[in-house]
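Enquirer:
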Amino acid sequence: MTGSDSKAGADRQDVMAEIAGLVARVSAADHAYHSEDAPVISDADYDALKRRLQQLEELHPDLARPDSPTRRVGAAPSEGFGKVTHAQRMMSLANGFSREDVTDFIARIRSFLNLGADQPLALTAEPKIDGLSLSLRYENGILVQAATRGDGVVGENVTANAMTIADIPQRLQGAPEILEVRGEVYMSHADFAALNASGEGKIFANPRNAAAGSLRQIDPAVTARRPLRYFAYGWGALSEPLADTQFDAVARLAALGFQTNPLMRRCQDAEGLIVTWTEIEKQRASLGYDIDGVVYKVDDLSYQARLGFRATTPRWALAHKFPAETAWTRLERIEIQVGRTGALSPVARLAPVTVGGVVVSNATLHNEDYIAGRDSSGAPIREGRDIREGDWVQIYRAGDVIPKIADVDLSRRADDAVPFAFPTHCPECGAEAIREPGDSVRRCTGGLTCPAQAVEKLKHFVSRAAFDIDGLGAKQIEMFFADPALPIREPAHIFTLAARDDAGLARLKNREGFGERSVEKLFAAIEERRRIPLARLIFALGIRHVGEVASATLARHYGSWSALAGALDRAAPAAERHVRAEEAVAHERAEAAAQGRRARLKETRDRVWSEAPDPGDEARAAWADLVGIDGIGEVLAGSLVTAFAQEAERAGIDRLLEQITPLDVEAAPEARTEISGKTLVFTGTLERMTRAEAKSRAEAMGAKVAGSVSARTDLLIAGPGAGSKASKAAELGVTVIDEDEWLRIAGAG
DNA sequence: CAGCCTCGAGTTCC
DNA sequence: CTCGAGGCTG
């Protein structure tokens, strides 16, 4: 035995020992993670161990052990890019399409800021580049991270790729310590044509897709060869302000070395914006890159700060879009889809046609009124022209995404074309499809016995904001739903799947698209979700009107599943009376409209109310507590309580609850500002701030703003001219402050 | 009771 | 992304 052989032998010993150790540690971590114990090591440590194990096994395949956890859970990597939580949310923009939208925008801002007619309001206008937004984070002048927008909160880390783009500086001179630059990655028309002609990679439909595809390359070397460009137009987190105005801040970005759009202008009013919009539109074809509108922003940054944000958009900006591109094609036929709530939605199947660089073959038709050429109030749309199978129709992509039908060419309509007969029965289950008075959609009455509704509800159950089970998406749900041997027909079945597949994976793993590893992975993902946050569970149930936000509100209010279910059960008798009254009112309203007389709503409600049996004090209290929650109204509450009281629905929920453990909501975090968690009321005239602004400010600081003073009010802000509210506050001993004091509090936040 | 704003539901294509 | 409906304010 030579020296080198013995050394190799010793190395093999070491590798074997290391592999054995890694297998043991990873297996233990897997077990702790998937059973109900707390994980024993961090995700990062786990990944490192597993990667090391994989590496060794690849280098020494003969030493790989049959019981290695890498065999069970699959090779896993290449999940794409890492996730990045934006230091400051990347918002989208409100859209405008008409001159009126622009004047409304200006008027809304003026009234929010309480500006007099003589006070100027400057705005910037710049082309809206049709690319993808990218946030660049610089720390002490060094580019440290580039992230895509994603959902606005969490994006993808594409730093290595961004570093290959020539327009993106990697070092900045004289920049703030922390600087997040926001801008758009795009590809010019010329570069796009050359890229497609070169035959490198696939053929892209349009420059935007080409830019997106190029930026999201796993290998930065590929991105480097793609001719990507970047315009900077804004910023996120900052350690110090860039300037006092939008215009100067963008100029500062240019001075730091960024490309900024040369067509940016400063305007003084709506008229100026529209003139700029018209000029930019004229140049659209000759710019050499795609734009889809003009973005307006309030110039004064202190105004921007006062205006703040709505749910997903800043109040101080508007994207004024150019008219959408359109194309004519033939409508082959109209099909009906059944949604999770039973809604029958008509979809147009089209002869494929290119609109705005994308081939479109389907378009939404909304509902039966839309096909007939009416909106929900009965007013004509498309001048009342209906849509028939075989018609020639004009397609556009609303907001550049959703294909819709703008118009119908009657001159090309076949003589034997007949108006579309909207089905009165569900095409999936045959149950009657009813349109409730006042409703615009027709709904299948089959409930959970309708396979389409059942499968759509299941898809909702596993969706992102609900149970979010890895490896169990819409496709898999369809497959399992139809499976005769191992079916998933209701949520509880998901959690009994592994137990039912007792032939040792025999049935599942041999199926197309399912290997042993993916089955193991799926079962592990399901196990992981047996413990589920209460809000997700409520949302997952798919009760009408109960979406993500309402679910979170309910979870916060009740804290635990037992508290919620108990309250809903107690409220049931009271809810019944409300639901019945609301039904009668909707019916009366529709009938009155049809007969052209005034609806007697109050009378109708009172009549049903007095005829219904008294639900009792306990039920009344539970109901009052439910509808007293901020954001929970009677319709939502009625839908919720009714769902829980329905036998079949409740039985399904109970079967699910045998399989899972809802996690209680933890107590809210410590208050951060002196008014967080408090209820405020404004009264009288505020002189330096409008009501809307004060409200938005208070809410941003964690307070709730109510309309009237009650025992639950913590603070009354009274301006001059305060009347009954101030006296009531005095009566109740509520603290009253004036506007100066309010400004101090608001300023402090 | 009208007029905001936000949420929920449904939809398409990459 | 859009539409319609729900919820809340003035």
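Going by my numbering, 704 is the number at position 704 of the first sequence; the sequence numbering is gapless. We put the beta carbon where it would ideally sit given N, CA and C, even for glycine.
#1: Using DSSP with H/G/I as helix, E/B as strand and the rest coil, what is R600?
#2: With a 10 Å radius around its C-beta and 16 neighbouring C-beta atoms as the bar for buried, classify K457 as buried or exposed.
#3: Under the rule that 16 or more other beta-carbon atoms within 10 Å means buried, what is A75, buried or exposed?
#4: Using 10 angstroms around the beta-carbon of D43, count the other beta-carbons present and answer buried if the total reaches 16, otherwise exposed.
#5: For S35, is the classification buried or exposed, using 16 other Cβ atoms within 10 angstroms of its Cβ as the cut-off for buried?
#6: Name the residue from S302, F322, T312 and P241 whose alpha carbon lies nearest to the alpha carbon of I274.
#7: Measuring CB to CB, does T613 end up less than 9 Å from W623?
#8: Would the beta-carbon of R382 fall within 9 Å of that of A417?
#9: Distance, Cα to Cα, A431 vs L115?
#10: Run the CB neighbour count on I488, radius 10 Å, all protein chains shown included, and call it buried at 16 or more, exposed below.
#11: Taking C-alpha atoms, which residue in E177, E741, R556 and T661 lies nearest to I675?
#12: Report the three-state DSSP secondary structure of L113 (helix, strand or coil).
#13: Run the CB neighbour count on K83, radius 10 Å, all protein chains shown included, and call it buried at 16 or more, exposed below.
#14: Specify, as a first and last residue, the run of the alpha helix (DSSP H) that F523 falls within.
#15: Which stretch, first to last residue, makes up the alpha helix (DSSP H) that contains T642?
#16: Look up E126 in the DSSP assignment and give the residues it is bridged to.
#17: Tell me which residue opens and which closes the beta strand (DSSP E) that G155 is part of.
#18: Near S302, what residues of its chain come up, given a Cβ to Cβ distance below 8 Å and the 5 sequence neighbours on each side ignored?
#19: Report yes or no: do the region 84-103 and the region 220-229 share at least 3 C-beta pairs separated by less than 8 Å?
#20: Over the uninterrupted beta strand (DSSP E) stretch that includes I477, give me the two end residues.
#21: Would you identify the three-state DSSP class for G628, choosing helix, strand or coil?
#22: Residue range of the alpha helix (DSSP H) that E271 falls in?
#23: Apart from the five residues just before and just after D643, which ones in its own chain have a Cβ nearer than 7 Å to its Cβ?
#24: My output table needs one value for H587: the three-state DSSP class, helix, strand or coil.
#25: Any heavy atom of the ligand SAH closer than 8 Å to the CB of H189?
#26: Kindly indicate the opening and closing residues of the beta strand (DSSP E) around H320.
#27: Pick out whichever of R266, A232, W316 and D248 has its Cα sitting closest to the Cα of R108.
#28: Using 10 angstroms around the beta-carbon of P573, count the other beta-carbons present and answer buried if the total reaches 16, otherwise exposed.
#29: Which partner residues of P662 appear in the DSSP bridge assignment?
#30: Hey, out of E184, R171 and L179, whose CA is closest to D148's CA?
#31: What three-state label does DSSP hand R226 in the structure shown?
#32: Would you call the CB atoms of G677 and A703 closer than 9 Å?
#33: Pair every Cβ in the region 344-355 with every Cβ in the region 111-130, then say whether three or more of these pairs are closer than 8 Å.
#34: Can you grab the Cα-Cα spacing for the pair A193 / P207, in whole Å?
#35: Classify V15 as helix, strand or coil using the three-state DSSP reduction.
#36: Quick check: the Cα distance between N196 and P423, rounded to an integer number of angstroms?
Expert: Per the coordinate set shown:
#1: coil
#2: buried
#3: For A75, the pLDDT reaches just 24, beneath the cut-off of 50, and the residue's location in the model is therefore unreliable, leaving the point undetermined.
#4: At D43 the pLDDT is 48, less than 50, meaning the model places this residue with poor confidence; the figure from the coordinates comes in the next sentence. Flag for D43 reads exposed.
#5: Because the pLDDT at S35 is just 37, under 50, the model does not fix this residue reliably, and the value given afterwards should be weighed accordingly. S35 comes out exposed.
#6: F322
#7: According to the sequence displayed, residue 613 carries Pro and not Thr. No, Cβ-Cβ distance for P613 and W623 is not below 9 Å.
#8: no
#9: 58 Å
#10: buried
#11: E741
#12: Per DSSP, reduced to three states, the secondary structure at L113 is helical.
#13: exposed
#14: E516 to E528
#15: E634 to A645
#16: For E126, the pairing in a beta bridge is given by DSSP as V295.
#17: Where G155 is concerned, the enclosing beta strand (DSSP E) stretches over V154 to E156.
#18: D244
#19: no
#20: Unbroken run through I477 is the alpha helix (DSSP H), A474 to A482; no beta strand (DSSP E).
#21: coil
#22: A270 to Q283
#23: Per the sequence presented here, residue 643 reads as Ala, with Asp not at that position. The residues are I543 and E649.
#24: DSSP, read as helix, strand or coil, puts H587 in helix.
#25: In terms of ligand content, the structure shown is empty, and the ligand SAH therefore cannot be addressed.
#26: Taken as a continuous stretch (DSSP letters only), the beta strand (DSSP E) holding H320 covers A317 to K321.
#27: W316
#28: buried
#29: I532
#30: At residue 148 the sequence reads Thr, which differs from the Asp that was named. Taking each of E184, R171 and L179 in turn and checking the Cα distance to T148, the smallest one comes out for E184.
#31: coil
#32: Yes, these two residues count as a Cβ contact at 9 Å.
#33: no
#34: 9 Å
#35: helix
#36: 46 Å
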